[in-house]
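Protein sequence lines, in the order shown, are assigned to chains X and U.
Residue numbering for the first sequence is 43 to 278, as defined by the numbering used here.
Residue numbering for the second sequence is 43 to 278, as defined by the numbering used here.
Virtual Cβ for every residue (Gly too), placed ideally from N, Cα, C.
The structure displayed is predicted, hence computed values, not measured ones.
Heads up, the thing below is written out as structure tokens.
2 protein chains.
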Amino acid sequence: MAGTISDEIAASLVAGRPELVAVSTAERVAGLLRTRIMEGLFPPGTRLSEEALGQALGVSRNTLREAFRLLCHERLTVHEMNRGIFVPKLARSDVSDLYRLRRLVEGGAARCAARAPTERRVAVAAAVTDAEDAAARADWLAVRTADLHFHQALGALAGSDRVDELMRRALAELRLAFYAMTDLEQFHRPFMERNRSIAELVVAGRGDEAECELSSYLADAEAQLLAAHEAINGSS
Amino acid sequence: MAGTISDEIAASLVAGRPELVAVSTAERVAGLLRTRIMEGLFPPGTRLSEEALGQALGVSRNTLREAFRLLCHERLTVHEMNRGIFVPKLARSDVSDLYRLRRLVEGGAARCAARAPTERRVAVAAAVTDAEDAAARADWLAVRTADLHFHQALGALAGSDRVDELMRRALAELRLAFYAMTDLEQFHRPFMERNRSIAELVVAGRGDEAECELSSYLADAEAQLLAAHEAINGSS
DNA sequence: GCGTAACGGTTGTTCAACAATCCATCAAGG
DNA sequence: CCTTGATGGATTGTTGAACAACCGTTACGC
Numbered sequence: 043m044a045g046t047i048s049d050e051i052a053a054s055l056v057a058g059r060p061e062l063v064a065v066s067t068a069e070r071v072a073g074l075l076r077t078r079i080m081e082g083l084f085p086p087g088t089r090l091s092e093e094a095l096g097q098a099l100g101v102s103r104n105t106l107r108e109a110f111r112l113l114c115h116e117r118l119t120v121h122e123m124n125r126g127i128f129v130p131k132l133a134r135s136d137v138s139d140l141y142r143l144r145r146l147v148e149g150g151a152a153r154c155a156a157r158a159p160t161e162r163r164v165a166v167a168a169a170v171t172d173a174e175d176a177a178a179r180a181d182w183l184a185v186r187t188a189d190l191h192f193h194q195a196l197g198a199l200a201g202s203d204r205v206d207e208l209m210r211r212a213l214a215e216l217r218l219a220f221y222a223m224t225d226l227e228q229f230h231r232p233f234m235e236r237n238r239s240i241a242e243l244v245v246a247g248r249g250d251e252a253e254c255e256l257s258s259y260l261a262d263a264e265a266q267l268l269a270a271h272e273a274i275n276g277s278s
Numbered sequence: 043m044a045g046t047i048s049d050e051i052a053a054s055l056v057a058g059r060p061e062l063v064a065v066s067t068a069e070r071v072a073g074l075l076r077t078r079i080m081e082g083l084f085p086p087g088t089r090l091s092e093e094a095l096g097q098a099l100g101v102s103r104n105t106l107r108e109a110f111r112l113l114c115h116e117r118l119t120v121h122e123m124n125r126g127i128f129v130p131k132l133a134r135s136d137v138s139d140l141y142r143l144r145r146l147v148e149g150g151a152a153r154c155a156a157r158a159p160t161e162r163r164v165a166v167a168a169a170v171t172d173a174e175d176a177a178a179r180a181d182w183l184a185v186r187t188a189d190l191h192f193h194q195a196l197g198a199l200a201g202s203d204r205v206d207e208l209m210r211r212a213l214a215e216l217r218l219a220f221y222a223m224t225d226l227e228q229f230h231r232p233f234m235e236r237n238r239s240i241a242e243l244v245v246a247g248r249g250d251e252a253e254c255e256l257s258s259y260l261a262d263a264e265a266q267l268l269a270a271h272e273a274i275n276g277s278s
């Protein structure tokens, strides 16, 4: 065994360098569509035509279908049999479900604060600082991005790759509901102090208190998002 | 709007009746392969040849590839570019990661016990009873199945569809490590009392205590699984 | 023993075709 | 007027074949 490289070391070599691991066309297409959907380029309800998109992206229908399967699997699109691929309209129950998941995962991760390495804890605070800087510039889109990084960093306190990925997907899906929020400042402004407060608790290793604050934080955010959601489309 | 059926009601009509929603061939194939892999029919490290499997299942390569993509997305297979699809050999870090995820999710769900409807709480106890019955018959394979139902029922205490799905996938992936366990009785026997104890705490709505017990339970299970894992393949 | 060049087999991707299904349109009937 | 049933066009579901790209192995030369 001497002289060889273990799988774990090999994996760590390419960690975070996705461009180094060869990736199939389908995955690249999925990645592209993922960002487009999250950006809101395709509003919820849009049908993604195989032929049109395949032509636009210069890939064959089969490859595109493989990409669609991936996106459907992470709920960024929905597949209706014999009808095609659609950007989903999140129902109220979906939004609630996502927040239930977030309370569980982010809250549980926050409780691990004391056990987490310092590096990860300061990452939480760093995201809050980023948000504050962006707010000072009145760049509320950057505030939103930083806010998502904040929650991702909270999830990372659990120290689990799978939790990280789970958070990525959950937040991506939640973006489908954010499209309803028009006034970014009004939504994000009140949460910024609370972010700071939670981050400080995390850095101090006071996980239980952080979870408690986070829990009410998420409940409030959910309520606001549901309200905005209802204002746009009554029932769905 | 009067006289029409809302989306939510429409959804509830087909809930739990998957045979009514048409499903594509790729998904059916993925489902079949999923169970086969979880059964251990394809031991970790096996390469799943597109041509051979496609012929065996009577589906085209393209359709099979769509199915593979789904399985890779839930980590039941891994895709090595230009080399094919493999049943993964879980590394020690994967097993640890999965247990970290389980402690977070199952633990967090257990804490919700008091808030969960009675129906879900008795489901936890019912799974334990199933396991005990199977143990009385010395049917240790059934014990394992009941044990998985037990943990699934714990996750269901969170009351979130997404958490349910997350648990399904995590447990499915973990089965890849279970293949290393040869002596089922030796592994499961000691946990059965602890299952019962946790189930009683859950039914009584004492979520915090349930989580506490569960946490040490999972830590012990992880240690045992890692030991068995190491005994078989040293490094990977 | 070691580098290397050719080879066979497998995957990655595309294309074209056909069946099955859905949607819109329109006609008929109460 | 509204509902029901039939027609046709468009899109998806699935297949088969084709070719390029790539990997692992084997054979060769040094």
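Within the stretch 116-131 of chain X, the residues whose Cβ lies closer than 8 Å to any Cβ of chain U are, in chain order, E116, H121, M123 and N124.
Within chain X, the residues M123 have their CB atoms less than 7 Å from the CB of S66(U), given in chain order. A straight line joining the alpha-carbon of A165(X) with that of R78(X) spans about 27 Å. Residue burial is scored here from C-beta neighbours: R103(X) has fewer than 16 other C-beta atoms within 10 angstroms and is therefore classed as exposed. Note on M123(X): under 16 other CB atoms within 10 angstroms of its CB, so exposed under the neighbour-count rule.
Out of R134(X), E69(X), E116(X) and Q97(X), the CA that lies nearest to the CA of Q266(X) is found in R134(X). Interface residue (Cβ-Cβ distance to chain U less than 8 Å): S202(X) is classified as such. Between A252(U) and R162(U), the alpha-carbon positions lie close to 15 Å from each other. In this structure, T105(X) sits near V71(X), with a CB-CB distance shorter than 8 Å. Contact check for E108(U) against R211(X) fails: the beta carbons are separated by 8 Å or more. Here A151(U) is near L199(U), since their CB atoms are less than 8 Å apart. In this structure, the CA atom of H115(X) is about 15 Å from the CA atom of R76(U). Between L213(U) and V205(X) the beta-carbon gap is near 16 Å, outside 8 Å, which marks them as no contact. For secondary structure counted as the alpha helix (DSSP H) over 4 or more consecutive residues, the stretch 90-176 of chain X holds these complete runs in sequence order: 92-99, 103-115 and 134-153. Taking the Cα positions, I127(X) is about 48 Å away from R179(U). Neighbours of D139(U) across chain X, judged by C-beta separation under 7 Å: S202, D203 and R204. By the C-beta density criterion, V63(U) is exposed, having fewer than 16 other C-beta atoms within 10 angstroms. If you ignore the 5 residues before and after R117(U), its C-beta comes within less than 8 Å of the C-beta of P130, R211 and E215, all in its own chain and listed in chain order. 8 Å or more divides the Cβ of A177(U) from the Cβ of V170(U).
Scanning its chain for C-beta atoms nearer than 6 Å, with the 5 sequence neighbours on each side dropped, one finds around F110(X) the residues I127, in chain order. Chain-ordered listing is empty here: chain U has no CB closer than 7 Å to the CB of R163(X), the nearest sitting near 17 Å. For Y259(X), the uninterrupted alpha helix (DSSP H) segment begins and ends at G249 to I274.
Listed along chain X is no residue with a C-beta nearer than 8 Å to that of A195(U); the closest approach is about 16 Å. About 32 Å separates the CB atoms of L260(U) and R89(U); that is not less than 8 Å, and the two are not in contact.
For V147(X), at least one C-beta of chain U is nearer than 8 Å to its own C-beta.
Listed along chain U, no residue sits closer than 8 Å to L190(X) by beta-carbon distance, the nearest being about 18 Å off. Straight through space, the alpha carbons of E235(X) and A273(X) are spaced by roughly 26 Å. Taking 8 Å as the CB threshold, A198(X) stays off the interface with chain U. Annotated three-state conformation of D203(X) is helix, per DSSP. If you look at D181(U), you'll find it isn't in any alpha helix (DSSP H); DSSP assigns it neither H nor E. Around the beta carbon of T160(U), fewer than 16 other beta carbons lie within 10 angstroms, which makes this residue exposed. Here the alpha carbons of H230(X) and A269(X) stand approximately 15 Å from one another.
Chain-order list of chain U residues neighbouring A151(X): L146, by C-beta distance under 8 Å.
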